[in-house]
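Trainee:
In mature numbering (1 follows the signal peptide of the UniProt record, and there is no 0), the protein residues as written are -20 to -1, 1 to 105.
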């Protein structure tokens, strides 16, 4: 019975962001990165925001993914709170994996998270 709440949570999470207004903020060798400005939430010096990535080529059945990130603008650090991987483009298709909360990491200069922090952290603009 404990699997049912997790499955329902994943389904509601996926549905909640299916029609998001994703805005591109950068490209890397592997793909394109987007964020949904409507999801940015402020908590002190921190920001929570949904990010989506789309790979140029599928890797191990994953074509795209959505992640809820917590960015500490003052400390220049971040962590993933939730990640879902999809078989289709733009966070669509079958959920093929995911990850839970991860440890806090420093934001690397020139990284995709650094570009995202410039969009969501007022002092970075």
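Yeah, the Cβ is synthetic: ideal placement off N, Cα and C, and Gly gets one too.
1. Could you tell me which uninterrupted beta strand (DSSP E) segments, each at least 3 residues in length, are contained entirely in the region 10 to 39, listed from first to last along the chain?
2. Does residue 1 pass the burial test, meaning 16 or more other C-beta atoms within 10 Å, or should it be called exposed?
3. Just to confirm the assignment, what range does the beta strand (DSSP E) spanning residue 47 have?
4. To which residues does DSSP link residue 79 through a beta bridge?
5. Quick check on DSSP: helix, strand or coil for residue 73?
6. Tell me the rounded alpha-carbon separation between residue 90 and residue 101.
7. Can you list, in chain order, the residues of its chain with a C-beta nearer than 6 Å to that of residue 94? Leave out the 5 residues immediately preceding and following it.
8. Give the DSSP-derived three-state secondary structure of residue 86 in the structure shown.
9. Tell me the DSSP secondary structure of residue -7 in three-state form.
10. Assuming residue 78 contacts residue 64 under a Cβ cut-off of 8 Å, what Cβ separation, rounded to an integer in Å, is found between them?
11. Tell me whether the beta-carbon of residue 69 lies closer than 8 Å to the beta-carbon of residue 36.
Mentor: The relevant details are as follows:
1. Those beta strand (DSSP E) runs which fall completely within the region 10 to 39 and span 3+ residues are 11 to 15, 21 to 23 and 26 to 39.
2. Classification of residue 1: exposed, given that the 10 Å Cβ count is below 16.
3. Looking at the DSSP string, the run of the beta strand (DSSP E) that includes residue 47 is 42 to 52.
4. For residue 79, which the question treats as bridged, DSSP gives the partners 63.
5. Annotated three-state conformation of residue 73 is coil, per DSSP.
6. Cα to Cα, the separation comes out at about 15 Å.
7. Around residue 94: 87.
8. If DSSP states are grouped into helix, strand and coil, residue 86 belongs with the strands.
9. Residue placement at residue -7 cannot be trusted, given a pLDDT of 47 that sits under 50; what the coordinates show is reported in the next sentence. DSSP places residue -7 in the helix class (H, G or I) of the three-state scheme.
10. Right, the Cβ-Cβ distance comes to about 5 Å (below 8 Å), so this counts as a contact.
11. Judged by their CB atoms, residue 69 and residue 36 are not nearer to each other than the 8 Å cut-off.
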